Amino acid sequence: MKRIFGLLLPALLAACYTPEPFEAETVNSASSTQSKIGTLYAVNNEMQICNPSVTQDTVNYPASMLWLNFGGTLYVTPSDSGFPTEAEEHDRLTISDTAGKVLWYVMRDTSEGECQFQDPEWSTHPDFAVALRAYDKKKKNLCLPENLDYGMFAVRFSDKKKFWFYDKEIREDASPHLWVAPDASVDVDDDAETVEGFFGTSNVRLVYVNDDDKIVFVDFANGGLKKSVTLQRPSGKKGWGVDAPMISPDGKFVVYNLTENSSTWEAYVQELSASSTPVKIERWNKSLSEPGQPHWFAYRGRLFVVWIEAPSGKQMFNKELLSNESVQDGSAGRTVMREIRLMAGAPSDLAVEWVGDAREIAPIPMTGGRSPDAKFLSTGYKYGYLLELP
1 MKRIFGLLLP
11 ALLAACYTPE
21 PFEAETVNSA
31 SSTQSKIGTL
41 YAVNNEMQIC
51 NPSVTQDTVN
61 YPASMLWLNF
71 GGTLYVTPSD
81 SGFPTEAEEH
91 DRLTISDTAG
101 KVLWYVMRDT
111 SEGECQFQDP
121 EWSTHPDFAV
131 ALRAYDKKKK
141 NLCLPENLDY
151 GMFAVRFSDK
161 KKFWFYDKEI
171 REDASPHLWV
181 APDASVDVDD
191 DAETVEGFFG
201 TSNVRLVYVN
211 DDDKIVFVDF
221 ANGGLKKSVT
231 LQRPSGKKGW
241 GVDAPMISPD
251 GKFVVYNLTE
261 NSSTWEAYVQ
271 ELSASSTPVK
281 IERWNKSLSE
291 PGQPHWFAYR
301 GRLFVVWIEA
311 PSGKQMFNKE
321 LLSNESVQDG
331 SAGRTVMREI
341 RLMAGAPSDL
351 AVEWVGDARE
361 IAPIPMTGGR
371 SPDAKFLSTG
381 YKYGYLLELP
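So the sequence shown is residues 1 to 390, counted in the numbering used here.
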């Protein structure tokens with residue numbers, strides 16, 4: 001695959017691809033703040049993190065989030081001596097809780113030529129995540145940006161084993177997401193080199209963004225990589241970039257952003273089918289902006305889409321200290337959700353049905369989704385937080 005660097009600009013909104021971190025402001029040393037919005041816990045002491053992804057496993061990893069470090073000193077409590085707090089850029093994936101304790105991590109394997117990770121996301125199944133891995137294609141272990149090539153893998157939280165979908169030629173901002181049948185059960189004695197052996201089922205689905213800036217859908221129960229399909233893009237949006245597709249809990253739909261620049265974006269719902277039509281998530285009458293960073297949230301048989309909104313002139317990704325109560329009034333943005341019903345295989349006017357109005361769940365923007373127990377929201381990029389809702 002030929003990587004098209006011109007398409008990278010919109011995706012700079014969604015992950016830490018830039019070579020330098022944001023300029024740090026004064027950091028609040030408190031680990032948590034309480035207010036009427038709930039309890040806001042600083043992740044990595046309010047320093048920059050990338051790709052926040054709220055827990056999908058409230059049993060083994062409650063009140064926590066998966067995130068990608070940027071670099072420098074990490075303000076966490078290591079779980080063992082294998083987790084150094086002095087980090088290089090994107091050299092590990094970490095799950096930490098509200099106390100800053102490391103619950104799980106995996107380091108890059110420099111012996112295998114791994115340079116960095118990118119775009120991690122917790123899958124719909126609690127035991128798996130998906131991410132990108134960069135290696136030095138000139139095999140000099142210098143890891144210079146111009147020498148990096150990317151592959152895509154799943155990792156099992158239970159034993160840190162990896163499964164490779166692609167080992168190279170994936171764009172840096174592919175934003176993969178993974179769906180695994182909820183009843184999947186892994187037998188550690190099975191062949192971890194096969195889809196069924198690694199995931200405990202062949203009922204596995206993958207989406208990512210390709211070099212043509214389209215969503216690729218792979219169904220491993222129906223042909224796998226060789227029979228992958230590309231989804232139609234929204235019409236009339238030449239030059240806009242597809243960002244952060246997320247598969248629905250039933251594995252049949254995807255929600256994603258389409259971005260023109262740092263302050264102009266839209267969001268869409270689309271069935272996972274080559275013939276499907278994108279359905280725009282329309283602004284409601286009280287919205288601050290078009291929906292940003294949409295995530296699915298299922299709760300007691302009901303399905304919602306959670307997204308953030310930003311005031312006019314603000315970028316999608318917050319650059320303010322959300323622990324300051326002065327911005328906990330929606331002035332930095334807010335998080336909302338709306339109930340939805342989906343019908344796969346139906347005409348587009350019936351496939352997506354909204355139920356009721358969107359409603360605010362937090363007067364601050366939280367881009368990393370809502371936990372299955374409904375208790376937590378997460379966010380990151382310039383500053384990382386977990387919000388425990390009241």
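We treat Cβ as the ideally placed atom computed from N, Cα and C, and that holds for glycine.
Small disclaimer: the values here were computed from a predicted structure and weren't measured.
Non-local beta-carbon contacts of Pro245 in its own chain, meaning distances under 8 Å to residues more than five positions away in sequence, involve Ser175, His177, Val207, Tyr208, Val209, Ile215, Val254, Val255, Tyr256 in chain order. For Glu112, there is no enclosing alpha helix (DSSP H), as DSSP marks it with neither H nor E.
Distance from the Cα of Pro311 is smallest, within the candidate group Glu290, Tyr299, His295, Glu325, for Glu290.
By the criterion of a C-beta distance shorter than 6 Å, Asp91 is surrounded in its chain by Arg108, once the five residues flanking it on both sides are discounted.
C-alpha of Tyr268 to C-alpha of Leu258: approximately 8 Å in a straight line. In this structure Gln116 is in contact with Ala134, their Cβ atoms being roughly 5 Å apart against a cut-off of 8 Å. Runs of the beta strand (DSSP E) lying entirely within the segment 191-222, each at least 3 residues long, are 204-209, 215-219 in chain order. Take the alpha-carbon of Glu86 and the one of Asp127: they are about 27 Å apart. Ranked by how close their Cα comes to the Cα of Ser123, the residues Arg205, Val43, Phe220, Ile170 have Arg205 in first place. When the beta-carbon positions are compared, Phe163 and Trp104 stay at least 9 Å from each other.
For Ser32, the enclosing beta strand (DSSP E) covers residues 32-35.
For Ala351, the enclosing alpha helix (DSSP H) stretches over residues 348-351. For Ser371, the CB contacts under 7 Å within the same chain, skipping 5 residues up- and downstream, are Val54, Thr55, Thr58 in chain order.
Spatial neighbours of Ser202 in its own chain (CB-CB distance under 7 Å, excluding positions within 5 residues in sequence) are listed in chain order as Val195, Glu196, Phe220, Ala221. Cα atoms of Glu172 and Asp136: separation of roughly 13 Å, rounded to the nearest angstrom. By the Cβ test, the segment 341-353 is not in contact with the segment 59-68, since fewer than three Cβ pairs between them sit closer than 8 Å. Membership of Ser378 in the beta strand (DSSP E) is indicated by the continuous run 376-379. Counting C-beta pairs with one atom in each stretch, the segment 318-327 and the segment 335-344 have fewer than three that are closer than 8 Å, which means they do not touch.
Under the 10 Å beta carbon count, Leu386 is surrounded by 16 or more other beta carbons and is classified as buried. The residues Val216, Val218, in chain order, have a CB closer than 6 Å to that of Ser228 in the same chain once the five nearest residues on each side in sequence are set aside. Residue nearest to Pro145 within the set Gly200, Lys36, Tyr17, Pro84 is Tyr17 (criterion: CA-CA distance). By the criterion of a C-beta distance shorter than 7 Å, Met366 is surrounded in its chain by Ile308, Thr335, Leu377, Ser378, Thr379, Leu387, once the five residues flanking it on both sides are discounted.
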